[in-house]
Amino acid sequence: MENKSALAVNPDQQMWDTKQLAALKQLGLTNASNGDLAVFLHYAQRTGLDPFARQLYMIERGGKYTIQSSIDGLRIVAQRSGEYAGQVGPYWCGEDGEWADIWLEKTPPLAAKVGVLRKGFIEPLWAVAKFDGYNANSPIWKKMPDLMIAKCAEALALRKAFPNDLSGIYTAEEMEQAGSPIAPVKTVVELKSIVQEAQTDETPDLRAVLDDVDKHKTLEGLRESFNAYKTVLDLEFQPTDNDEPTTLRKEIMARRAVLQTNG
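Note that numbering that gives the first Met the number 0 numbers the sequence shown so that position 160 is 159, with each residue one more than the last.
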C-alpha cells in the first residue's frame, strides 16, 4: 500500500521538502549541512526505513554525523530483502571460552556471538562482539550487559549477511561507547592479582575444596560448588607441593568436561 503520509520519503525525491526539514529539525538535526542531509536522505531511500517513525537516525558525535538504526530497523531491512532466513543464537561466553545460550552469571559476559542465516548460504554468517569493545559503562549496560552485547553481535552479523543494504548503518548499542568514556577493563592477570591481595584468613582450604570437586558425579553438584566458591575461583594454589599452580575455575571446568564426556 502506498504511503500517503505528508512526511513519507519518496524514492525519487532529490532533497527533503519543507515539511520534512521542519520535522527533522524537531528531531534534533538543526545543525546538519545540506550535504549531511542529502546523505541521510540517501540512506532513508536505500533502506526504506522511516526516520520520522524513529527507525533511522542521524546522530552528531564530535562534529560528525553517523547513520544509526534500532536493531529492529536492521531486522526489517534484512527481512524485506527476501533473503533473510533467521538467526542462530545469541550465545555468550566467559573466561572459560565456553559458549552458552543463556547467561546466568552475575558478572557480564566477555563476548556474545550471533549467526545470521541467508538464503543461498550453506553456513550461518557469524559475528562475535567482545564486551570490552562496546561497553559504554552506562546504567543500561550495567543492568543488562548480556542483552546489550548480544544486540551488538546481531548488528555485526546482519551487516555481514546484508552488506549492500546495511553497510554504514550502526545501532545505538554499538555507538554508545563512542559518546562516553569507557572505564578501563582489567586483564585476567590483574584481576587475579587483586583477588590474591584481598585474600584473608577466611579463605577456605583450596586443596580440600578441590578434593570435593573431584568427587562430584553430577553437573548440578559441580554448579553448586562453582557458585559457593565464586569469590576464590581465581586464586592460584598448588594441589600438592609438587604440582603446578592452578585455580578452582580451571579444575571445575576440567571436571565439567569429564562429566559431559562420560554422559
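C-beta: ideal position from N, C-alpha, C; glycine also.
Given the structure is predicted, the values throughout are model-derived calculations rather than measurements.
| query | result |
| --- | --- |
| Let's test the definition: count the other Cβ atoms within 10 Å of the Cβ of Gln-67 and tell me whether it reaches 16, buried, or not, exposed. | buried |
| Touching or not, the region 135-148 and the region 26-40, by the rule of three or more beta carbon pairs under 8 angstroms? | no |
| Is Val-208 near Tyr-228, with beta carbons less than 8 angstroms apart? | yes |
| For my contact list, Ala-152 and Ala-126 are in at a C-beta cut-off of 8 angstroms; report their separation, rounded to the angstrom. | 5 angstroms |
| Please state the DSSP three-state secondary structure of Ile-121. | coil |
| Do you know offhand how far Glu-219's Cα is from Ala-22's? | 57 angstroms |
| If you reduce the DSSP assignment to three classes, tell me which class Ala-6 lands in. | Reading off the sequence shown, one finds Leu at residue 6, where the question assumed Ala. Coil. |
| Whole angstroms is fine: what's the gap from Leu-73's alpha carbon to Thr-106's? | 29 angstroms |
| When the Cα atoms are used, what is the spatial distance from Val-8 to Ser-224? | 59 angstroms |
| Run through the DSSP bridge pairs and tell me what Thr-170 is partnered with. | Ser-68 |
| Lys-150: which of Ile-121, Ala-160, Glu-173 and Glu-82 sits nearest, CA to CA? | Glu-173 |
| By Cβ distance, which residues of its chain are closer than 6 angstroms to Ser-192, with the 5 residues on each side in sequence left out? | Because the pLDDT of Ser-192 is 39, which lies under 50, any placement of that residue in the model is unreliable, and the number read from its coordinates should be weighed accordingly. Within the same chain, Ser-192 has no close Cβ partners at all. |
| What are the start and end residues of the alpha helix (DSSP H) that includes Leu-219? | Sequence inspection shows Glu at residue 219; the Leu mentioned does not correspond to that position. Where Glu-219 is concerned, the enclosing alpha helix (DSSP H) stretches over 218-227. |
| Does DSSP classify Glu-59 as helix, strand or coil? | strand |
| State the start and end residues of the unbroken beta strand (DSSP E) segment that holds Val-38. | That residue, Val-38, is in no beta strand (DSSP E); its alpha helix (DSSP H) goes 33-46. |
| Going by DSSP in three states, Trp-140 sits in which element: helix, strand or coil? | helix |
| For Asn-136, count neighbouring C-beta atoms within 10 Å of its own C-beta (all shown protein chains included) and say buried if the count is 16 or more, exposed if not. | exposed |
| Got a sec? Which residues, its chain only, sit under 8 angstroms from Arg-117 by beta carbon, not counting five neighbours each side? | Glu-82, Tyr-83, Ala-84, Leu-124, Ala-160 and Phe-161 |
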